[in-house]
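Colleague:
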Amino acid sequence: MSQNTVVFRIKRQENPAARPHWEEFAVPYREKLNVIVCLNEIRRHPVTRDGRKTTPVAWECACLEEVCGSCAMIINGKARPACSALIDELKQPITLEPMAKFPVVRDLVVDRSRMFDALKKVRAWVQLDGTWHLGPAPRWNERERFRAYDFSRCMTCGVCLEVCPQINARSSFVGAAAIGQVRLFNSHPLGGLQATERLDALMDKGGIAECGNAQNCVEACPKDISLVDAIGEVNRQMARHTLKKILAG
Amino acid sequence: MNTEAKYIVVGGGLAGLMAAIRIAEAGGKVDVFSLVPVKRSHSVCAQGGINAVLDVKGQADTIWEHFDDTVYGGDFLAHQPPVKSMVEEAPHIINMYDRMGVMFSRTPEGILDQRYFGGVKKRRTAFAGATTGQQLMYALDEQTRPHEVSGAVTKYEGWQFLGLVRDGNGRARGIAALDLKTGEVRTFRGDAVLLATGGFGMVYGRSTTSTICNGGAASAIYQQGALLANMEFIQIHPTAMPGEDKNRLMSESARGEGGRIWVPRKPGDTRDPRQIPEAERFYFLEERYPAYGNLVPRDIAAREISKVCVEEGLGIGGENVVYLDLTHMDADYLTRRLGGILEIYQKFAGADPRQVPMKIFPSVHYSMGGIWVDYNQMTSIPGCFAAGECDYQYHGANRLGANSLLSATYSGSVAGRTMREWVAGQSDRAADAAASFFESEQRRHEQINATLLAETGEETPTDLHRELGEWMTRHASVVRLNKGLDELIGHLDEMLERFRTRLGLTDKGRWLNQQLAYARDVGNMLQTARAVARAARNRDESRGSHYKPEFPERNDEKYLFTTKIAYDAAKDEPVLDYSEAIDVQHIAPRKRDYSVNKKA
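Heads up: the protein sequence lines correspond to chains A and B, in order.
Just so you know, the first sequence maps onto residues 1 to 249 in our numbering.
Just so you know, the second sequence maps onto residues 1001 to 1600 in our numbering.
(1) Indicate whether D1141/B and V1038/B have their beta-carbon atoms separated by less than 7 Å.
(2) Just to make sure I have the definition right: I need the residues of chain A whose C-beta is within less than 9 Å of the C-beta of V1044/B. Which are they?
(3) Could you check which residue in M1103/B, L1496/B, K1483/B, A1566/B has the C-alpha nearest to that of E1550/B?
(4) Reducing DSSP to helix, strand and coil, say where N213/A ends up.
(5) What would DSSP say about G1504/B, mapped onto helix, strand or coil?
(6) Would you kindly work out how many angstroms separate the C-alpha atoms of G1412/B and V1296/B, rounded to a whole number?
(7) Check distances from the C-beta atoms of the stretch 9–40 of chain A to those of chain B and list, in chain order, the residues that come in under 8 Å.
(8) Is the distance from the Cβ of C83/A to the Cβ of I36/A below 7 Å?
(9) Hey, would you say I1565/B sits closer than 7 Å to P1574/B, going by beta carbons?
(10) Going along the chain, which residues of its own chain have a beta-carbon closer than 7 Å to the beta-carbon of A1024/B, five neighbours each way excluded?
(11) In three-state DSSP terms, what is I1175/B?
(12) So that I know if they touch, is there some Cβ in chain A lying closer than 7 Å to that of I1344/B?
(13) Could you tell me the alpha carbon to alpha carbon distance between F1233/B and V1478/B, rounded to whole angstroms?
(14) Could you name the residues of chain A that V1149/B contacts, counting a contact when the two beta carbons are closer than 8 Å?
(15) Along the beta strand (DSSP E) that carries V1032/B, what are the first and last residues, could you check?
(16) Can you tell me which residues form a DSSP beta bridge with C1384/B?
(17) According to DSSP, what are the bridge partners of W1159/B?
(18) Quick check on V1009/B: does DSSP put it in helix, strand or coil?
(19) Tell me whether T156/A is buried or exposed, calling it buried when 16 or more other Cβ atoms sit within 10 Å of its Cβ.
(20) What residue does the alpha helix (DSSP H) around L202/A start on, and which one ends it?
(21) Quick one: residues in its chain with C-beta nearer than 6 Å to the C-beta of E1257/B, no 5 flanking neighbours on either side, listed in chain order?
(22) If the criterion is Cβ atoms closer than 7 Å, does the pair G1544/B and D1167/B meet it?
(23) Quick check: the stretch 114–134 of chain A against the stretch 179–192 of chain A, are at least 3 beta-carbon pairs closer than 8 Å?
(24) Can you give me the Cβ contacts of R241/A inside the same chain, cut-off strictly under 7 Å, excluding the 5 residues immediately before and after it?
(25) Enumerate in chain order the residues of its own chain whose CB-to-CB distance from S2/A is below 8 Å, with the five nearest sequence positions on each side excluded.
(26) If you reduce the DSSP assignment to three classes, tell me which class H21/A lands in.
(27) Got a sec, what are the start and stop residues for the alpha helix (DSSP H) E1089/B sits in?
(28) Please decide whether I1212/B counts as near chain A, where near means a Cβ-Cβ distance under 7 Å.
(29) Under 7 Å Cβ to Cβ from I1360/B, same chain only, skipping five residues before and after it: list those, please.
(30) Between which two residues does the alpha helix (DSSP H) holding Q13/A run?
(31) Per the DSSP calculation, M1329/B is bridged to which residue(s)?
(32) Spell out whether any CB of chain B is found under 7 Å from the CB atom of P165/A.
(33) Along the chain, which unbroken stretches of the beta strand (DSSP E) at least 3 residues long are found entirely within the stretch 1281–1363 of chain B?
(34) Whole angstroms is fine: what's the gap from D117/A's alpha carbon to V1044/B's?
(35) What residues from chain B crowd round H188/A, counting only those whose CB sits closer than 9 Å?
(36) Does the beta carbon of T55/A come closer than 7 Å to any beta carbon on chain B?
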């Protein structure tokens, strides 16, 4: 199909209190464009398709190669990173919306701080005595290391929360990303020393019991992280942990 | 003087967070400022690994050899004492990351694996697949979080550094920053300020760097009087996927693991690469540099690829690309060792590098030069420190692959110590400094913002940035000619004039006005570019990444000196100085030659 332009429908919202509205833009077509290149073009020349001057669209991006997690948004109805959304593979008009499970800051920019708060809540770190010279970590099986590595590639983009039916304005569910991090740290030879503290954190309100097993997260994750496996494993750890607590009276 | 000391760290990548953690664990209070949530900092883009002598491969590797490789690879422009301290600390840094839970790849015995990297004959690079930077970044992000919970660290994410607040004696007392969300300018008091704000790849438009790597903070303090150094030394990475929006890095570890670079011997050959027999392939790095082959240092590989395409006309199908070939290797092995980059290539190029050779070309990648610092990471402004890619200290004229994650971590950890020592030696606190210093810096930036917002000219920040990138890439990258640099210098002056008189912003609001922040960046990038261009023009020799065909040899007599660059505010131009001789007390400079094995 030959084409001269790429047409976008973009959901605009000036600030958190403003009413959202839609604007259409047409960007000159070239091969190998992605959504970010087109947003840059709209920034350069912020004029709508019907010739009206407007403000440049606000969005977040940094690495442009799917490792920083900044640019997740809803593209043609699907939550995904914008940098790897190639125009040649998208149906037009291309609709861009901010992710709906996070508060909108402006246009396509949302506030994902709840994800970083969740990492605090579940204590997603190895507790060190200090960063000074204390030698290496214990030896570790490469097979287990490679499985755990899967979870350490999570870039906190928010897509798994966006697609989760359990996440909404009234829920405090930490979401799949944070549970993946519990799986990660509990399996590490040193991180595992604090496994029970993380499990205790996941017993609270907003913890793992609020997962409804819809399994949308694993389908949507742009890095193909085995989030459902993580939830299953952490659930099993939780069952053992609960039983031990009961037996210990 | 009873008030508790307060530290400011600008930049939340490896260097910044390492410093913040060191200060926090010693009991200090730190404010961390970052354009983005710190977990999204550009350190995540580093791929191949981090160098440290662990000597786990029975190759009798030594710390001295790491030192010599780094100094020789940098063409002797780095001061040697800090480099020596860095390589000595490297094994401890790896251990620290290991304990933090970094998913380093391991051997059957369960210890950390190491692989080959450029300019090195020992397996010295520890790695986590091909996402090592991301893994190290996450480790420091995680380690910062408990300090945040305890109240030792406060994060200001979504803030742009605008300038230092200095007192009447020129000492740094804090910073001015812009809250990108509200558009508000605020000042913050700090007894010591660290800039860990990364490189300035964005000055070249397209590079392998993130969009946030514009060098704006370094440029801002340069315009306030801080010295820059060695700005002409820009690393061009030999292997990146050329792209519309950025050139995506294909890690040197692809060659470390056995990847080969080649072009068809016949110019313009359009056959499928898999149909081209071995004898009709030109493995030019292996032929021209038999000792190091595909693992020559980056400056050399980048020049050769460029030469093969541009001068010899051997680029694939007549275009400026060559093959980076992994297809002779086991697909599962490649997935385990290089999965991260193979996935990037596949997503963006639509071809599987396990099946088809990748098409790559050199790209601007790293800034060896940057803010001048002393051996304690302190800039020429008392109380202001710099660490990570934004300083100039560790890589001389060319950085060896996998030494940047090391220098970022190391320099950050040094700053975490020296900032505390410096503050301990001061007789008063930032809290005691007069409010007027803070008010005047705040007013200065509010005025700049108001002026920018009122601009109604026809030049957009986007167009000026594009033009800047094109000019810099043409005249100040792989090959540098004095005539071209003269043109560049003139053109940059003219662009700065256009920026000041003909700019127009279409967004006039305050709330998350990304165009305003971008406009400030473009102004700062123009000043950075002028420093690069002048430094490149003045250095009439070839050394490391700085290559002038008119002066093809290194000239130690004249140029074994740091290029120190001051901003003359009255004349609005860079002033160069070569009074600082390179400290070569450990290793006498010798000629670099990678066609033969390096002799220590």
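Think of the CB as a built atom: it goes at the ideal place given N, C-alpha and C, for glycine as much as any other residue.
Modeller: To lay it out plainly:
(1) In this structure, V1038/B lies closer than 7 Å to D1141/B by Cβ.
(2) Under the 9 Å cutoff, chain A gives A62, C63, V67, C68, G69, M155.
(3) Per the Cα distances, K1483/B.
(4) Correct three-state label for N213/A: coil.
(5) Three-state DSSP puts G1504/B in a strand.
(6) When rounded, the distance between both Cα atoms is 29 Å.
(7) Per Cβ criterion, the list reads E14, N15, R30, K32, L33, N34, I36, V37, N40.
(8) In this structure, I36/A lies closer than 7 Å to C83/A by Cβ.
(9) Yes, Cβ-Cβ distance for I1565/B and P1574/B is below 7 Å.
(10) Once the five neighbours on either side are set aside, the close Cβ partners of A1024/B are V1030, H1147, A1152, V1153.
(11) If DSSP states are grouped into helix, strand and coil, I1175/B belongs with the strands.
(12) Taking CB atoms only, I1344/B has a neighbour in chain A less than 7 Å away.
(13) Their backbone Cα atoms lie some 10 Å apart in a straight line.
(14) Here the neighbours are K120.
(15) Taken as a continuous stretch (DSSP letters only), the beta strand (DSSP E) holding V1032/B covers 1029–1034.
(16) DSSP lists V1193/B as partners of C1384/B.
(17) Looking at the DSSP assignment, W1159/B forms a beta bridge with D1179/B.
(18) Strand.
(19) T156/A should be labelled buried.
(20) Here the alpha helix (DSSP H) through L202/A covers 195–203.
(21) Non-local C-beta neighbours of E1257/B in its own chain, meaning closer than 6 Å and more than five positions away in sequence, comprise R1337, ordered along the chain.
(22) G1544/B is not a Cβ neighbour of D1167/B, given a cutoff of 7 Å.
(23) Judged by pairs of C-beta atoms under 8 Å, the stretch 179–192 of chain A touches the stretch 114–134 of chain A, as three or more such pairs exist.
(24) One detail in the question is off: residue 241/A reads as His in this sequence, not Arg. Closer than 7 Å at the Cβ level, and outside the excluded window around H241/A, lie T196, L199.
(25) In this prediction, S2/A has a pLDDT of 48, which is less than 50 and means its spatial position is unreliable; what the coordinates show is noted afterwards. Excluding positions up to five away in sequence, the list is empty.
(26) Strand, per DSSP.
(27) E1089/B -> alpha helix (DSSP H) spans 1080–1100.
(28) Judged by the 7 Å Cβ criterion, I1212/B is in contact with chain A.
(29) Closer than 7 Å at the Cβ level, and outside the excluded window around I1360/B, lie T1239, A1240, M1241, M1250, V1321, V1322, L1324.
(30) Q13/A -> no alpha helix (DSSP H), and no H or E assigned at all.
(31) Answer by DSSP bridge pairing: none, since M1329/B is not bridged.
(32) With 7 Å as the cut-off, P165/A does not count as an interface residue toward chain B.
(33) 1322–1325, all fully within the stretch 1281–1363 of chain B.
(34) Rounded to the nearest angstrom, the two C-alpha atoms are 21 Å apart.
(35) When 9 Å is used as the limit between beta carbons, H188/A is near these residues of chain B: G1101, M1103, in chain order.
(36) Yes, its Cβ sits closer than 7 Å to a Cβ of chain B.
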